[in-house]
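Chemist: Start counting the sequence shown at 292; every next residue gets the next number (our numbering).
We put the CB at the ideal spot given by N, CA and C, even for glycine.
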Amino acid sequence: MTKRIIPCLDVREGRTTKGIRFENNVDIGDPVEMARHYYESGADELVFYDITASHEKRGIMIDVVRRVAENIFIPFSVGGGIASVSDMRDVLLAGAEKVSVNSAAIKNPRIISEGAEAFGSQCIVVGMDVKKVDKSEKIPSGYEMVINGGRTYTGMDALAWAEEVVRLGAGEICLNSIDADGTRDGYELNLTAMISEAVPIPVIASGGGGIPAHLAEVLTKGMADAALIASMVHYGDYTIPGIKDDLHGSGVAVRRSW
292 MTKRIIPCLD VREGRTTKGI RFENNVDIGD PVEMARHYYE SGADELVFYD
342 ITASHEKRGI MIDVVRRVAE NIFIPFSVGG GIASVSDMRD VLLAGAEKVS
392 VNSAAIKNPR IISEGAEAFG SQCIVVGMDV KKVDKSEKIP SGYEMVINGG
442 RTYTGMDALA WAEEVVRLGA GEICLNSIDA DGTRDGYELN LTAMISEAVP
492 IPVIASGGGG IPAHLAEVLT KGMADAALIA SMVHYGDYTI PGIKDDLHGS
542 GVAVRRSW
C-alpha cells in the first residue's frame, strides 16, 4: 500500500491561513486556487478545515467547499462546524468525499455512529487535536484531547478516545499534535505511533512537517498511513513531486504518476 501525501488548507473568512500551535495565523492565499494547484501537482487527497466555525458556533462555508470540489478530482475531506448528520449531508452533496468531525464528536459522540450509518464509515474522519500533558489517572497516556481550535481542554485521554471512535464507526483518524503544529520541527512520533498501533483504521499524521525526512519518519517509525502537510508547501519551500521523489528514495512507497 502506498502512503498518502495530503495538503491541508486551513480556511478562515474564505481565505487559506496558517499559524503556529493554532495562533498568529496569517493569510496565505485563495483556497480554490491552492486546491487546484495541489491537485495538479500530484496530491493524493486534500483536507479543508474551516478553522473558526466550531468556535464561532456557525456552519461551514459550503460555497467554498463547492468551488474547491469543482476544481479537483481527488478525495477531498472537509471539517469545521459540522455538528449533525444534516451538516455532513450538505458537505458531501457539495462535492466532498469525506467529512471530518472533531469538537462536535467529543460533545456528541453519536454523530460518529449516525454518520457512519448514514453514509458509510469510509466517509467519516475523526479529527483529534492533542496536547502532551503530565500522565495522570485520568490521562494515563500523557496526551489530552483539546477542542474548539485548541482553546478547550477536555480532560479526555487521547488513546482512549481513539479506541472509542473506532468502536463508534469512524473510518479514519486525522491526528494533530498541537505541540508540533506549524513548527516545522517534525511530527510527534511517539503520539502517532501509539495511536497507529492501537487502532485498526488509517491514521493521518498532522502537525510539524518541515522537510521530507520528517514525512519519512512519521510514515515509517510513526506507522502513519498518510501525512498532512501545510507550511512546507504553502510557502513554496517544497513541491509535492519533490517530496514524493525524496520519499521514494528513502524507500517509502508513494504514488508518483498522475
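Can you tell me the Cα-Cα spacing of D536 and R547, whole angstroms?
Modeler: Taking the straight line joining both Cα atoms gives about 8 Å.
Chemist: Can you name the residues that DSSP bridges to S497?
Modeler: Its beta-bridge partners are N467.
Chemist: Should R303 go down as buried or exposed, given a rule of 16 or more other Cβ atoms within 10 Å for buried?
Modeler: The residue in question, R303, is buried, as its Cβ has 16 or more Cβ neighbours within 10 Å.
Chemist: Counting only beta-carbon separations shorter than 7 Å, does V494 have a partner in chain C?
Modeler: Absence of chain C from the displayed structure is noted, only one protein chain being present.
Chemist: Might you give, ordered along the chain, the residues of its own chain that have their beta carbon closer than 8 Å to the beta carbon of T530, omitting 5 neighbours on each side?
Modeler: Result list for T530: S332 and V524, in chain order.
Chemist: Less than 7 Å between the C-beta atoms of V490 and V543, yes or no?
Modeler: Contact: no.
Chemist: Which of the three DSSP states is assigned to S394 in this structure?
Modeler: Helix, per DSSP.
Chemist: Is E405 near V376, with beta carbons less than 7 Å apart?
Modeler: Closer than 7 Å, so yes.
Chemist: Compare the Cα-Cα distances from L450 to each of V424, A504 and H328 and report the closest residue.
Modeler: Ranking the options by Cα distance to L450, first place goes to V424.
Chemist: Under the three-state reduction of DSSP, which class applies to F364: helix, strand or coil?
Modeler: Coil at F364, not helix or strand.
Chemist: Pick helix, strand or coil for Y330, following the three-state DSSP scheme.
Modeler: Looking at Y330 - three-state DSSP - the assignment turns out to be helix.
Chemist: If you draw a straight line from the C-alpha of S487 to the C-alpha of A396, how long is it?
Modeler: Roughly 20 Å between the two C-alpha positions.
Chemist: Quick one: Cα of V392 to Cα of H539, how far?
Modeler: Looking at the two C-alpha atoms, the distance is approximately 32 Å.
Chemist: Kindly confirm or deny that the region 431 to 449 and the region 377 to 391 touch, where touching means at least three C-beta pairs closer than 8 Å.
Modeler: No: the two stretches stay apart, fewer than three of their Cβ pairs being nearer than 8 Å.
Chemist: To the nearest angstrom, how far is the alpha carbon of D472 from that of S394?
Modeler: Roughly 17 Å between the two C-alpha positions.
Chemist: Could you check if L510 is buried or exposed, using at least 16 other CB atoms within 10 Å of its CB as the buried criterion?
Modeler: Classification of L510: buried, given that the 10 Å Cβ count is 16 or more.
Chemist: List, from N- to C-terminal side, the beta strand (DSSP E) runs of 3 residues or more that fit wholly inside the region 469 to 534.
Modeler: Listed in chain order, they are 494 to 497 and 517 to 520.
Chemist: Under three-state DSSP, which class holds G406?
Modeler: Correct three-state label for G406: helix.
Chemist: Between the alpha carbons of F410 and M352, how many angstroms are there, rounded?
Modeler: Straight-line Cα distance between these residues: approximately 21 Å.
Chemist: Suppose contacts are defined by Cβ-Cβ distances below 7 Å. Is K426 in contact with G433 by that definition?
Modeler: Yes. Within cutoff.
Chemist: Buried or exposed for K512, please, with buried defined as at least 16 other CB atoms from any protein chain shown within 10 angstroms of its CB.
Modeler: Exposed, since its Cβ has fewer than 16 Cβ neighbours within 10 Å.
Chemist: What number of angstroms, rounded off, separates the C-alpha of D440 from the C-alpha of D301?
Modeler: Here residue 440 turns out to be Gly, not Asp, going by the sequence shown. Spanning the two alpha carbons is a distance of roughly 11 Å.
Chemist: Does the beta-carbon of M260 have 16 or more other beta-carbons within 10 angstroms, so that it is buried, or is it exposed?
Modeler: The question about residue 260 has no answer, for the chain in this structure spans 292 to 549.
Chemist: Under DSSP, the beta strand (DSSP E) around E435 begins and ends at which residues?
Modeler: Per DSSP, E435 belongs to the beta strand (DSSP E) from Y434 to I438.
Chemist: According to DSSP, what are the bridge partners of M419?
Modeler: Bridge partners of M419: L466.
Chemist: In this structure, how does DSSP classify P431 when only helix, strand and coil are distinguished?
Modeler: Coil at P431, not helix or strand.
Chemist: Residues bridged to I296 by DSSP?
Modeler: Beta-bridge pairing links I296 to A518.
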